[in-house]
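Note sheet for the following structure.
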Amino acid sequence: MTMTQEQVLAKALYIHIPFCRSICSYCDFYKMVAKESLKEKYVDYLLKEIQIKRSGFGDLKTIYIGGGTPSSLNLLLLEKLLRGLQECISFEQIEEFTLEANPNDINSDLLEILSKYGVNRISLGVQSFSERKLRVLKRGHNRKDVRKAMQLLKDYGFDNVSVDLIFGVGEEDYRTFRRDINLAIRYGARHLSPYTLIVEEKTILHKLVGEGKFFEMNPDREARFYSKIQWHLQKKGFSQYEISNFAKPGYECRHNLVYWNNEPYFGLGAGASGYLENTRYTNVANLDSYFKGIDSGELFLSETTTLSKTDQMNEELMLGLRKVEGISLDHFQTKFGCNLISAFPFIEKLLSQGFLTLQSDRLYIPIEKLYLSNEVLVNFV
Ligand code: SF4
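Take the sequence shown: its position 146, counting from 1, is numbered 624 in our numbering, and each next residue is one higher.
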């Protein structure tokens, strides 16, 4: 499938770098360990894709370079990419520019380049400070590396730092995870994303589960963990604004809010997904096909789905209810020309069961039920 040059405008741009220094035991993202020559070729093609799509970049407010591990690109290559982006996008209009990084990659030279090109948010793949957990997850850093990285980020004036943490790794106790949270905060995190470990197929952990060498956390225990995390982070001054995201006031991730607000965004790079003109698409997750697509002037897609009005309304509901603030009834009415509650009759039932709350203009999931949101909604939408 192909998609030609987009003329549409979107507020957010995601760029995928599918390279990592090593492979973590739980990861099912599109990524690989690659030679420098392949990375160089990829960045060249990414720059061509940026050129193809540049006419739509006029409204951009956020850029997010994720992966993979974007910080694993050598500095010359990373700078080449940032320079190429700067030639096509007026960076003054960008309010939030995030780069995902591994703690071990943070050094002065990298931060100088990021500052020079206006990157103002770092999403750090910490996952844990526990040596045992990091070994199970096959991460290449330790607590000292994270402390050093976060100190350097502070020294270079990066105060918008987000830390990813994973919980539910085997039989870990809550106290170990609370220590992870406390250390992340002590080292300067303003945004935290605590995620449950999900053992996906085709991962090292999945194989270990099959061999009886690793056990997933019991879901009830996981749910109890989650509510303790919510309570603890609230005490620490972090507001929850999405199922897995907590922030100090003003540090909510604007880029990810575009996804949850069901707004359009560009996805660039092999395996990246985007949402434009009511169509969800995913670029082909194969480098050879990605290169061929760019050479032909069209992009090869592995998936493309044009959403009907009903699909769009369903997605607005599913995505919007991930947010703690939920959905504005007025906004829904303006966007789709119909009343949210009348459009989804099951809402009344969920309201009476306490799975949803309606307060003035907002429909939302009570915070203590957020953890169950997917299970509840999937049965209805
Ligand atoms: S979790 Fe991140 S760093 Fe680890 S393999 Fe996956 S993309 Fe790479």
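Even glycine gets a Cβ: it sits at the ideal position worked out from N, Cα and C.
key: For K622, the nearest candidate out of F607, K611, D633, G635 (CA to CA)   = F607
task = Between the Cα of S593 and those of R561, L779, H809, V647, spot the shortest distance and give me the residue it belongs to.
result = R561
task = Give the DSSP-derived three-state secondary structure of V802 in the structure shown.
result = coil
inquiry  = Which of the three DSSP states is assigned to L556 in this structure?
reply    = helix
task = Determine the burial state of C731: buried for a count of at least 16 other Cβ atoms within 10 Å of its Cβ, exposed for fewer.
result = buried
task = Helix, strand or coil for G534, going by three-state DSSP, please let me know.
result = helix
key: Simplified DSSP assignment, three categories, for I682   = helix
query = Counting along the chain, where does the alpha helix (DSSP H) carrying T812 start and finish?
reply = 807-814
task = Give me the Cα-Cα distance between G715 and I772, rounded to the nearest whole angstrom.
result = 46 angstroms
message = Closer than 7 angstroms to a non-hydrogen atom of ligand 1 - does that hold for the CB of F645?
response = no
request  = Can you grab the Cα-Cα spacing for the pair P581 / Q571, in whole Å?
outcome  = 28 angstroms
task = Check whether the Cβ of T547 sits closer than 7 angstroms to any heavy atom of ligand 1, and report yes or no.
result = yes
inquiry  = Taking 8 angstroms as the threshold (C-beta atoms), are L675 and I707 in contact?
reply    = no
task = Determine contact between the region 489-504 and the region 750-764, defined as no fewer than three beta-carbon pairs at a distance below 8 angstroms.
result = yes
query = Do the CB positions of Y864 and E781 come within less than 8 angstroms of each other?
reply = Not covered by the structure: residue 864. The range shown for the chain is 479 to 859.
task = For the alpha helix (DSSP H) holding D623, just list the boundary residues, first then last.
result = 621-633
message = With H, G and I counted as helix, E and B as strand and the rest as coil, what does DSSP make of P672?
response = strand
request  = Between the Cα of R625 and those of V647, N638, L602, spot the shortest distance and give me the residue it belongs to.
outcome  = L602
inquiry  = Buried or exposed for L554, going by 16 or more other Cβ atoms inside 10 Å?
reply    = exposed
ask   = Measuring from the CB of I495, is there a heavy atom of ligand 1 at a distance below 7 angstroms?
value = no
request  = Can you tell me the Cβ-Cβ gap for L842 and E803, rounded? I've got them flagged as a contact below 8 angstroms.
outcome  = Checking the sequence, you will find Tyr at residue 842 rather than Leu. Contact flag correct, Cβ pair sits at about 6 angstroms.
message = Bridge partners for T491 per DSSP, in chain order?
response = Note that residue 491 is Leu in the sequence shown, not Thr. Answer by DSSP bridge pairing, in chain order: I541, F744.
query = Is the distance from the Cβ of I682 to the Cβ of V639 below 8 angstroms?
reply = no
task = Quick one: residues in its chain with C-beta nearer than 6 angstroms to the C-beta of Y508, no 5 flanking neighbours on either side, listed in chain order?
result = P496, G749, A763
inquiry  = With distance defined between alpha-carbon atoms, name the residue in D698, Y719, S838 nearest to L797.
reply    = Y719
message = Between which two residues does the beta strand (DSSP E) holding S640 run?
response = 639-645
inquiry  = Using a Cβ-based criterion (distance less than 7 angstroms to any ligand heavy atom), does G603 qualify as near ligand 1?
reply    = yes
ask   = What span of residues does the alpha helix (DSSP H) with T783 cover, start to end?
value = Per DSSP, T783 belongs to no alpha helix (DSSP H); it is in the beta strand (DSSP E), 777-784.
query = Nearest-angstrom Cα distance between S838 and F810?
reply = 14 angstroms
message = By alpha-carbon positions, which one of Y768, Q790, E793 ends up nearest to E527?
response = Y768
request  = Using three-state DSSP, classify S751 as helix, strand or coil.
outcome  = strand
message = Checking 8 angstroms against the spacing of the C-beta atoms, do K611 and V647 come in under that value?
response = yes
request  = Starting from the Cα of V511, find the closest Cα among F535, G546, Y542, N756 and give me that residue.
outcome  = G546
task = Taking E590 and N552 to be in contact with their CB atoms under 8 angstroms, please state how far apart those CB atoms are, rounded to whole angstroms.
result = Their Cβ separation, rounded to whole angstroms, is 14 angstroms, which puts E590 and N552 out of contact at 8 angstroms.
message = What does DSSP give as the partner residue(s) for F497 in the beta ladder?
response = M510
query = Among V604, P672, S671, V597, which has the Cα closest to the Cα of F636?
reply = V597
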